[in-house]
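As structure tokens, the structure follows; a few thoughts come after it.
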Amino acid sequence: MSIYQQYKADTDSVATWLANTAKAHGYEAEASLGGAAADAAKKKKKKKGNGKGKGPSRAKNKKPKEQQDPTTKKYVIRVRDFEAMAKHVADTNAIEVPHRTAVALERGIWEVLEKVRDYLKPIMEAGLFKPDGLDKNTDDKTDKLAKGMFDVLNVYTPSEEFLNAPDITPAPASEPQYTVEEEVTWEDALVAFLSLLRDYDILSKEIRSLWDKYAVGQLDLAAVSIATNTAFEFANSMEKEIKDVMDKFGGTPAFSASVLERYLLKAGRTPTSYKGGLGWYDEKLGGGGTTNREKRDQDRAALLNVLPGLHMLSTKPGQGEVEDELIRGIGACFKDKSQHPPFWMSWALQIYLDILQGLGENVGRGYEDMKQASLKIQKALLQVDHTPVRTRVLSTVTRWNKDPIFMANQDLAMSTNTSNSSNKTPEFQFLRRNPLHCGILLHHMRCTLHGCGVQTAAYSGGLMCTTQLYHALRQEGRVPKGQAWEDLEEFWGYQGNPCFFVGDPPKDREGYFRNYCLCIGTSVTNWAPNRRSVMPTEN
Numbered sequence: 001m002s003i004y005q006q007y008k009a010d011t012d013s014v015a016t017w018l019a020n021t022a023k024a025h026g027y028e029a030e031a032s033l034g035g036a037a038a039d040a041a042k043k044k045k046k047k048k049g050n051g052k053g054k055g056p057s058r059a060k061n062k063k064p065k066e067q068q069d070p071t072t073k074k075y076v077i078r079v080r081d082f083e084a085m086a087k088h089v090a091d092t093n094a095i096e097v098p099h100r101t102a103v104a105l106e107r108g109i110w111e112v113l114e115k116v117r118d119y120l121k122p123i124m125e126a127g128l129f130k131p132d133g134l135d136k137n138t139d140d141k142t143d144k145l146a147k148g149m150f151d152v153l154n155v156y157t158p159s160e161e162f163l164n165a166p167d168i169t170p171a172p173a174s175e176p177q178y179t180v181e182e183e184v185t186w187e188d189a190l191v192a193f194l195s196l197l198r199d200y201d202i203l204s205k206e207i208r209s210l211w212d213k214y215a216v217g218q219l220d221l222a223a224v225s226i227a228t229n230t231a232f233e234f235a236n237s238m239e240k241e242i243k244d245v246m247d248k249f250g251g252t253p254a255f256s257a258s259v260l261e262r263y264l265l266k267a268g269r270t271p272t273s274y275k276g277g278l279g280w281y282d283e284k285l286g287g288g289g290t291t292n293r294e295k296r297d298q299d300r301a302a303l304l305n306v307l308p309g310l311h312m313l314s315t316k317p318g319q320g321e322v323e324d325e326l327i328r329g330i331g332a333c334f335k336d337k338s339q340h341p342p343f344w345m346s347w348a349l350q351i352y353l354d355i356l357q358g359l360g361e362n363v364g365r366g367y368e369d370m371k372q373a374s375l376k377i378q379k380a381l382l383q384v385d386h387t388p389v390r391t392r393v394l395s396t397v398t399r400w401n402k403d404p405i406f407m408a409n410q411d412l413a414m415s416t417n418t419s420n421s422s423n424k425t426p427e428f429q430f431l432r433r434n435p436l437h438c439g440i441l442l443h444h445m446r447c448t449l450h451g452c453g454v455q456t457a458a459y460s461g462g463l464m465c466t467t468q469l470y471h472a473l474r475q476e477g478r479v480p481k482g483q484a485w486e487d488l489e490e491f492w493g494y495q496g497n498p499c500f501f502v503g504d505p506p507k508d509r510e511g512y513f514r515n516y517c518l519c520i521g522t523s524v525t526n527w528a529p530n531r532r533s534v535m536p537t538e539n
């Protein structure tokens with residue numbers, strides 16, 4: 001759960017408990033209405049008259065209807081009603097604050113939640129709520145070692161009265177759920193944005209630690225790349241969680257730009273955009289420029305080098321079997337140019353820069369690992385017969401024997417007569433500068449090889465038939481004494497006889513054949529005593 005999700009869950013938890021508790025102790029029902037509904041109820045005038053139920057006496061008994069969110073099915077309460085309900089609850093004696101509500105109030109960062117906590121603080125300090133005691137009881141239970149896995153369970157013998165009692169249908173929970181009326185201000189959007197940045201910072205540290213371990217040989221390239229790509233997916237989903245809030249201020253990219261602009265202006269700096277030639281990314285220099293301008297130029301040069309390749313792989317001519325989150329995100333940006341690029345893409349590209357600069361001159365190691373694995377698989381396939389499955393594996397592992405990006409650039413240069421040797425990008429530079437994509441390619445090669453290999457070597461029923469044949473040969477004395485198929489017998493021992501035989505293992509030739517026929521689906525009626533002499537039937 002992201003920080004923003006936890007923040008919303010805490011707020012709704014406090015709102016639900018506060019509204020239900022206040023109403024149960026005499027708080028006016030109008031306080032739990034939404035702002036628009038409550039204001040309308042106050043302005044509504046009573047009609048005069050005494051006919052057809054429209055008199056003042058009927059108007060007094062009519063209660064305002066609570067406003068319900070159609071999407072979440074939760075009742076909406078106003079933010080300004082929080083304090084009034086908290087004060088009403090605090091003035092009521094002997095009310096216990098639940099553990100979940102107390103925890104939500106303790107970690108609440110919203111000003112209104114802080115005020116609610118201040119009102120309820122005397123109750124929580126009066127000894128009516130003791131979370132420490134709950135933790136202590138839990139610790140006492142965990143300190144006792146159980147002799148068996150079921151020793152912690154209590155077994156009871158039900159009485160005859162209980163067994164003969166009629167079934168009772170449990171009544172559904174009737175406690176209504178509440179949520180807070182959304183009155184999004186710039187400060188609320190800032191809280192959501194800072195929560196997103198905090199989540200991104202946590203992910204960044206985890207990703208950086210993974211690539212550091214890869215750099216020293218502790219982790220595999222494919223594992224690190226898959227974890228990084230999954231983190232990009234998390235980042236995308238986290239940004240979508242605050243989309244409704246950010247859209248009221250132009251979207252996350254526009255809001256982040258406004259926050260940065262305010263920060264720079266407050267610091268006495270004028271936000272400007274660099275214009276000029278950036279050159280090519282220097283692997284030896286990495287992110288270690290002597291000045292901030294050199295570091296920025298290095299970052300921008302690295303991104304300008306890799307973005308064309310990402311875009312090319314997102315188009316139909318360059319699309320393959322593998323598409324990571326960076327390629328998918330860049331492709332979406334170019335398809336819908338009317339929208340700002342999502343904020344998570346900026347974070348993901350910064351992670352790419354961290355990986356690129358963290359590996360330094362060894363950035364090409366990921367490409368070499370992927371290349372060696374591909375060549376190893378291709379060499380192994382030379383001894384395999386030509387089959388559609390072999391062709392599929394070979395197509396996957398030879399996808400990058402030639403650089404499609406380099407070939408597309410060459411074709412473009414020849415068609416436009418713009419070939420320039422000084423600006424010629426080396427072949428396979430995209431893979432050399434993108435160890436993340438190399439790792440995902442490596443993972444895809446291994447998965448394809450494994451899936452097709454299992455399909456070829458362990459076809460359906462192959463092991464069962466082999467075990468039955470081995471049993472028949474051994475039973476008939478055709479296996480020399482002192483010799484055994486150890487691997488098969490070990491696997492047979494793991495699985496047991498029911499996986500290979502119908503009933504007990506057969507002991508004669510008729511039994512071998514009958515067991516085999518039953519295993520492949522032949523009907524048992526073929527062995528009936530009065531069975532006519534016809535062809536066997538299958539189920």
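The numbers in UniProt numbering rise by one with no breaks, and the one at position 342 of the sequence shown is 342. The beta carbon of each residue, even a glycine, is placed where N, CA and C say it ideally should be.
Taking the beta carbon of residue i as the centre, do at least 16 other beta carbons fall within 10 Å, making it buried, or is it exposed?
{"i": "Y352", "result": "buried"}
{"i": "V116", "result": "buried"}
{"i": "Y459", "result": "exposed"}
{"i": "T291", "result": "exposed"}
{"i": "G329", "result": "buried"}
{"i": "T387", "result": "exposed"}
{"i": "I520", "result": "exposed"}
{"i": "T11", "result": "buried"}
{"i": "H309", "result": "It should be pointed out that residue 309 corresponds to Gly in this sequence rather than to His. With 16 or more other Cβ atoms within 10 Å, it is buried."}
{"i": "F500", "result": "buried"}
{"i": "S237", "result": "exposed"}
{"i": "Y4", "result": "buried"}
{"i": "L375", "result": "exposed"}
{"i": "L265", "result": "exposed"}
{"i": "Y263", "result": "exposed"}
{"i": "A171", "result": "Model confidence at A171 stands at a pLDDT of 48, short of 50, so the residue's coordinates are unreliable; what they give is reported in the following sentence. Under this definition A171 is an exposed residue."}
{"i": "W347", "result": "buried"}
{"i": "I327", "result": "buried"}
{"i": "N504", "result": "Looking at the sequence itself, residue 504 is Asp, so the reference to Asn does not match. Flag for D504 reads exposed."}
{"i": "T21", "result": "buried"}
Between the Cα of residue i and those of the options, spot the shortest distance and give me the residue it belongs to.
{"i": "D81", "options": "Q350, K121 and Y178", "result": "Y178"}
{"i": "K8", "options": "T185, E241 and K371", "result": "E241"}
{"i": "R474", "options": "D504, D508, M246 and V454", "result": "D508"}
{"i": "R433", "options": "R399, P498 and E361", "result": "E361"}
{"i": "D244", "options": "Y75, A189 and S204", "result": "A189"}
{"i": "Q495", "options": "L203, W485 and L463", "result": "L463"}
{"i": "M345", "options": "C452, S256 and W17", "result": "S256"}
{"i": "Q378", "options": "K481, R365 and R392", "result": "R392"}
{"i": "D324", "options": "A86, L203, E233 and W17", "result": "E233"}
{"i": "Q350", "options": "A86, M246 and L203", "result": "L203"}
{"i": "T252", "options": "F343, S523, W492 and Q218", "result": "F343"}
{"i": "K205", "options": "L469, I355, E510 and T16", "result": "I355"}
{"i": "L307", "options": "T466, G331 and K295", "result": "G331"}
{"i": "residue 561", "options": "T230, R293 and P404", "result": "This structure gives no information on residue 561, because the portion of the chain shown stretches from 1 to 539."}
{"i": "S209", "options": "L197, T228 and S195", "result": "T228"}
{"i": "W400", "options": "K371, D385, Q410 and P426", "result": "K371"}
{"i": "N409", "options": "T101, S395, Q429 and T398", "result": "Q429"}
{"i": "I77", "options": "A19, H444, A104 and K87", "result": "A19"}
{"i": "G320", "options": "T398, V384 and G453", "result": "T398"}
{"i": "L394", "options": "H444, G366 and D411", "result": "H444"}
How many whole angstroms separate the CB atoms of residue i and residue j, which I take to be in contact at a CB cut-off of 8 Å?
{"i": "R390", "j": "L381", "result": "6 Å"}
{"i": "A373", "j": "L442", "result": "6 Å"}
{"i": "C517", "j": "L221", "result": "50 Å between Cβ atoms; not a contact."}
{"i": "V363", "j": "I440", "result": "Actually they do not touch by this definition, with Cβ atoms about 16 Å apart."}
{"i": "T101", "j": "V14", "result": "6 Å"}
{"i": "V259", "j": "F193", "result": "7 Å"}
{"i": "H88", "j": "Y27", "result": "5 Å"}
From the beta carbon of residue i, is the nearest beta carbon of chain C less than 8 Å away?
{"i": "Y75", "result": "Among the chains in the structure shown there is no chain C, since it carries only a single protein chain."}
For the beta strand (DSSP E) that contains residue i, what are its first and last residues?
{"i": "Y75", "result": "Y75 to I77"}
Just reading off the alpha helix (DSSP H) that residue i is part of, what are its end residues?
{"i": "I207", "result": "W186 to A215"}
{"i": "A348", "result": "F343 to L359"}
{"i": "P388", "result": "P388 to V397"}
{"i": "V363", "result": "Note, V363: premise wrong, no alpha helix (DSSP H); not H, not E."}
{"i": "F249", "result": "Careful: F249 lies outside any alpha helix (DSSP H) and carries neither H nor E."}
{"i": "P308", "result": "N292 to S314"}
{"i": "W17", "result": "I3 to A24"}
{"i": "D81", "result": "D81 to D91"}
{"i": "I226", "result": "L221 to E241"}
{"i": "N515", "result": "R509 to C519"}
Complete runs of the alpha helix (DSSP H) confined to the region 445-478 [at least 4 residues]: As for any alpha helix (DSSP H) of minimum length 4 sitting wholly inside the region 445-478, the runs are 462-475, ordered along the chain.
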